[in-house]
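S.K.:
Residue numbers (full-length UniProt numbering): 1 to 310.
So, in structure tokens, the structure goes:
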């Protein structure tokens, strides 16, 4: 992003806040400020248009297998219509326009299912802070990994363990895990359908999944890199009582299996026993989920769990 707006302008502040809101969300990708080589250029104008702001292509479209895309875009704020908006409303407009930069279209949803991509003033009154879940899901669905990005290594395993035993002890959960890590959820990397990877798990041929980055603070058992890529059932697209969504910023303890697949040179891990191997850390204790297959580690402290590992 190259900002061509005066640094003292309220629209510089609105743009910065809009970028931060997207960057702090689980949506893939990051907006950053540069002085050259930008894919997006930001401007402010005084225009007779009734629009608050708009995103337009800058230059000629570049060909790709399904059509074309524009390598650069202009994001323009209209001071004539936006000067009357509050500070919050201005940066919400910025979040909306950055959604267009991602490739999102307008929506017609209400505050019951809020979306920053809705036109008009309704979104200003919705509870919470955009981008909302619908917006993040839309971006995640656009930026899926290609088949060439995922490579199976010898001895690859199923990428999901949706149908597995109910573990009655930490020891049982541990013995089928390759590593046990404590860390913080960073971002959703990509989402995809399991049908893209024929033969991984024929029992769930179109199961939606996401890849998440976990910043490891400690390998409770095993060893590995500073970040781990973890596959999880995409509960936004397919809610089930056995699936728990990752939330960015969560501190977690994960029992993980190496799937034998690589994504961008990083190994993909799956959670052992679905929710049974996924626990949040709150107040010194591990929290499981209310799902039927509750983790045997739920309610315990890290010390109690560590003492039961191999």
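Cβ atoms here follow ideal geometry from the backbone N, Cα and C, with glycine treated the same way.
Values in this document were obtained by computation on a predicted structure and should not be read as measured data.
Could you give the C-beta distance for residue 215 and residue 186, rounded to a whole number, given that I count them as a contact under 8 Å?
M.R.: Indeed they touch by this definition, with Cβ atoms about 5 Å apart.
S.K.: Is it buried or exposed, residue 169, if we count other Cβ atoms within 10 angstroms and call 16 or more buried?
M.R.: Residue 169 should be labelled exposed.
S.K.: Pull up the CB-CB distance for residue 136 and residue 26, whole angstroms please, since I reckon it's below 8 Å.
M.R.: About 6 Å; that satisfies the 8 Å criterion.
S.K.: Take the Cβ of residue 96 as the centre, count every other Cβ of all protein chains shown within 10 Å, and call the residue buried at 16 or more, exposed below.
M.R.: By the neighbour-count rule (16 or more Cβ atoms within 10 Å), residue 96 is buried.
S.K.: Helix, strand or coil for residue 247 per DSSP?
M.R.: Looking at residue 247 - three-state DSSP - the assignment turns out to be coil, as it is neither helix nor strand.
S.K.: Which residues bound the alpha helix (DSSP H) around residue 17?
M.R.: Per DSSP, residue 17 belongs to the alpha helix (DSSP H) from 10-23.
S.K.: Near residue 67, which residues of its chain fall below 6 Å by C-beta distance, leaving aside the five closest residues on each side in sequence?
M.R.: Any reading at residue 67 must be qualified, since the residue scores a pLDDT of 48, below 50, and its modelled position is unreliable; no value is offered.
S.K.: On the three-pair Cβ rule with 8 Å, is the region 49-56 touching the region 122-132?
M.R.: No, they do not touch.
S.K.: If you draw a straight line from the C-alpha of residue 288 to the C-alpha of residue 257, how long is it?
M.R.: Residue 288 and residue 257: Cα-Cα distance of roughly 18 Å.
S.K.: Return the chain-ordered ranges of every alpha helix (DSSP H) run that is complete within the region 261-309 and spans a minimum of 4 residues.
M.R.: Listed in chain order, the complete alpha helix (DSSP H) runs (minimum 4 residues) inside the region 261-309 are 302-307.
S.K.: By the three-class DSSP mapping on this structure, what secondary structure does residue 117 have?
M.R.: Three-state result, residue 117: coil.
S.K.: For residue 92 and residue 14, I'd like the C-alpha separation in whole angstroms.
M.R.: Going by the C-alpha atoms only, they are around 8 Å apart.
S.K.: How is residue 58 classed by DSSP in three states: helix, strand or coil?
M.R.: Coil, per DSSP.
S.K.: Taking all protein chains shown into account, decide if residue 33 is buried (16 or more other Cβ within 10 angstroms of its Cβ) or exposed.
M.R.: By the neighbour-count rule (16 or more Cβ atoms within 10 Å), residue 33 is not buried but exposed.
S.K.: On the three-pair Cβ rule with 8 Å, is the region 8-23 touching the region 75-87?
M.R.: Contact between the region 8-23 and the region 75-87 is present, because at least three Cβ pairs lie under 8 Å.
S.K.: Given this structure, state the Cα-to-Cα distance separating residue 166 from residue 226, to the nearest angstrom.
M.R.: Rounded to whole angstroms, residue 166 to residue 226 spans 30 Å at the Cα level.
S.K.: Throw me the rounded Cβ distance for the residue 217 and residue 183 pair, which I believe falls under 8 Å.
M.R.: Between residue 183 and residue 217 the Cβ distance is about 5 Å, and since that is below 8 Å, they are a contact.
S.K.: Considering only the beta carbon of each residue, do residue 295 and residue 308 sit closer than 9 Å?
M.R.: No, they are not a contact pair.
S.K.: Any idea if residue 44 is buried or exposed, counting beta-carbon neighbours within 10 angstroms, 16 or more meaning buried?
M.R.: Label assigned to residue 44: buried.
S.K.: Return helix, strand or coil for residue 34, following the three-state DSSP convention.
M.R.: Residue 34 falls in the coil class under three-state DSSP.
S.K.: Around the Cβ of residue 37, are there at least 16 other Cβ atoms within 10 angstroms (buried) or fewer (exposed)?
M.R.: Residue 37 is exposed by the Cβ-count criterion.
S.K.: Following the continuous beta strand (DSSP E) through residue 43, name the residue where it begins and the one where it ends.
M.R.: Per DSSP, residue 43 belongs to the beta strand (DSSP E) from 40-45.
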